[in-house]
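S.K.:
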Amino acid sequence: MEKKNVWDIYDTARLNEVEDFTKEYMHFLDEGKTERECIDYLVNRIEGEGYRELEAVRRDGGTLSAGDRIYHVCMNKSIVMFHLGSRPLEEGMNILGAHIDSPRLDVKQDPLYEDGGFAYLDTHYYGGVKKYQWVTIPLALHGVVVKKDGTTIEIRVGEEEGDPVFFISDLLIHLAAEQLEKKAGKVIEGEALDIIVGNRPLKLAEEENEAKKEKDPVKQGILKILQEEYGMEEEDFLSAELEVVPAGKAREAGFDRSMILAYGQDDRVCAFASLKAMLELQRPERTACCILVDKEEIGSVGATGMRSRFFENSVAELMALCGCQGDLALRRCLAASYMLSSDVSSAFDPAYASSFDKKNVAYLGRGMVFNKFTGSRGKSGSNDANAEYLAYIRDMFEKEEVQFQTAELGKVDLGGGGTIAYILALYGMQVIDSGVAVLNMHAPWEATSKVDVYETKRGYSAFLKYRGM
Ligand SMILES: [Zn+2]
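The following block contains the structure:
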């Protein structure tokens, strides 16, 4: 089947739109390197566009009607937005879903130690990473430290010009004969992913020095800096969430600037395209909803993951504010809804061609991706979308001239992966996996095509507008 290259189709006006859109997208990636930072960005952005907090409307005894825009945040890590349509909620919603957590290294709860003259922060990796990719690259530290009195200290070091960065060491090649014999999965072990944060001993007055001589002077130096710059003590690490991510901004890639190379595009690329489609939406018939969640990379667990009741509870609250009470109404609304469950798809990589089925893989530059199913070992763990629903989407995209491709992650039996699709499908709604193709997914720096990102936004916009089958 023929797949067009989007670059060949766009005219100059559209190519200019692509540039504006991707500039904004890259700014979003730079601002939102953690789920908390994404939520900050999103809330600022949508409040500026007339979205109101659901809890605030409820507290003020307000009611909602068509055209109202509402959002609800869970623990600063997940968000759901609604743009109320003219048709009753019981007829269902058009839902966009994506995740805003990304693979990274999390700082442990008792992390700071000194060894061999270096001060380290001990980490535990989060999500699926090839550990060997994380050594010897500049790293930044993002997150929060919550003190016992409830005050929150925000930490973001390593991103601005002039900021220090952190790093993980690797054995020099000259002594690596034994190391290089190891399998790639073992060559760097999880416990070896501790970041170096200092090398300069604290200088004490002589009498003080006598008493503290054995007490890790480099670590003491770091503690002094943490105290002076952030007002935090070592015990405050206990109630901190600090994430180690690749330092640096999103960049254009290639002489032709056709691609974007950045950390965390899985799945912030779909989150950003979803946000933009929501903001551009005018007077929808079906209520439009966008849910951006945390914890997808570790199985959608926890209060802020897709498997929590946050989404369902938010819809129940929304319906109550619209005067549509009761459990049955809620169930009808969810069962009648349509969803694009968005996550990144693996792009065909010619360097590893044998890992892909060339006819059923996504290509960079060929538009939005649909995965009828995901999963592994015979579609296990997958939401396998219905043919009827796919037909509805094909027809819609043809009318709206949205370029799309269908794909699988890779060859059967090589591995696989899951998404949040199956969780929403539990309500009996129509769900399909969709999103943007990514090269070197889950690596510290991932690549996407500018036109794919833009075309996916166009696809979401079409989806939100339509009334259903
Ligand atoms: Zn993902």
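Using the numbering used here, the letters of the sequence shown correspond one by one to residues 99 to 567. Backbone N, C-alpha and C define an ideal beta-carbon position, used for all residues, glycine too.
1. So L152 and H181 are supposed to be a Cβ contact under 8 Å. How far apart are they, rounded?
2. Cβ of K497 within 8 Å of Cβ of S356?
3. Can you check whether the CB of E341 is closer than 8 Å to the CB of H222?
4. With ligand 1 as the reference, list in chain order each residue whose Cβ lies under 5 Å from any of its heavy atoms.
5. Flag this pair as yes or no: are the beta carbons of I286 and F265 separated by less than 8 Å?
6. So E506 packs on N469, CB below 8 Å; how close in whole Å?
7. Look at T472 and M191 and say whether their C-beta atoms are less than 8 Å apart.
8. Starting from D118, trace the alpha helix (DSSP H) in both directions and tell me its first and last residue.
9. Would T161 pass as a contact of L419 if the rule is Cβ separation under 8 Å?
10. Does the pairing of the stretch 551-562 with the stretch 510-526 give three or more beta-carbon distances under 8 Å?
11. In its own chain, which residues sit with a C-beta less than 6 Å from the C-beta of S435, not counting the 5 before and 5 after it?
12. Just to confirm the assignment, what range does the beta strand (DSSP E) spanning M179 have?
13. From the DSSP secondary-structure annotation, give me the bridge partner or partners of H540.
14. If you follow the alpha helix (DSSP H) that S559 is part of, which residue opens it and which one closes it?
15. So, do the stretch 395-408 and the stretch 229-239 have three or more beta carbon pairs nearer to each other than 8 Å?
16. Can you name the start and end residues of the beta strand (DSSP E) that G283 belongs to?
17. Could you give the residue range of the beta strand (DSSP E) that holds C387?
18. Under 7 Å Cβ to Cβ from N174, same chain only, skipping five residues before and after it: list those, please.
19. What do you reckon, are the CB atoms on K317 and L210 nearer than 8 Å?
20. Strictly by DSSP, which residues pair up with F265?
21. Taking the alpha carbon of L336 as the reference point, which residue from D220, H540, I518, K102 has its own alpha carbon closest?
22. What are the boundary residues of the beta strand (DSSP E) that includes Q207?
23. Would a C-beta distance cut-off of 8 Å place H540 and D334 closer than the cut-off?
24. Using three-state DSSP, classify N458 as helix, strand or coil.
25. I need the boundaries of the alpha helix (DSSP H) containing V413, first residue and last residue.
26. List the endpoints of the continuous beta strand (DSSP E) containing S440.
27. When we look at the beta-carbon of K246 and count the other beta-carbons within 10 Å, is it buried (16 or more) or exposed?
28. So for M404, helix, strand or coil by DSSP?
29. By how many angstroms is the C-alpha of L187 removed from the C-alpha of C431?
30. Consult DSSP for M527 and reduce its assignment to one of helix, strand or coil.
31. Measure the C-alpha to C-alpha separation of E115 and Y361 and round it to an integer number of angstroms.
32. How close, in whole Å, do the beta carbons of G533 and V467 come, if the pair is a contact with beta carbons under 8 Å?
33. Kindly indicate which residue of V510, A485, Y218 has the alpha-carbon position closest to the one of G476.
34. DSSP three-state label for A348, please.
35. What residues match up with M99 in a beta bridge as DSSP calls it?
36. Quick one: Cα of S453 to Cα of D531, how far?
M.R.: The answer reads as follows:
1. That pair is no contact at about 13 Å.
2. Contact flag unset, no.
3. no
4. Result (chain order): D364, D365, D441.
5. Cβ distance not < 8 Å, so I286 and F265 don't count as in contact.
6. Contact annotation, E506 with N469: C-beta distance approximately 7 Å; criterion of less than 8 Å satisfied.
7. no
8. 110-129
9. yes
10. no
11. Result list for S435: G190, M191, I193, M527, in chain order.
12. 176-181
13. In the DSSP output, where bridge partners are listed per residue, H540 has none listed.
14. 548-563
15. Touching, no.
16. Segment 282-285 is the alpha helix (DSSP H) holding G283; no beta strand (DSSP E) there.
17. 385-391
18. R134, I137
19. yes
20. I294
21. The shortest C-alpha separation from L336 is found at D220.
22. Segment 202-213, the beta strand (DSSP E) holding Q207.
23. No, they are not a contact pair.
24. In this structure, N458 counts as helix in the three-state DSSP scheme.
25. 408-419
26. 436-440
27. exposed
28. Shown here, M404 sits in coil according to DSSP, grouped into three states, outside any helix or strand.
29. 6 Å
30. coil
31. 23 Å
32. Yes, they are in contact, since the Cβ atoms of G533 and V467 sit about 6 Å apart, within 8 Å.
33. V510
34. coil
35. Bridge partners of M99: none, in fact.
36. 21 Å
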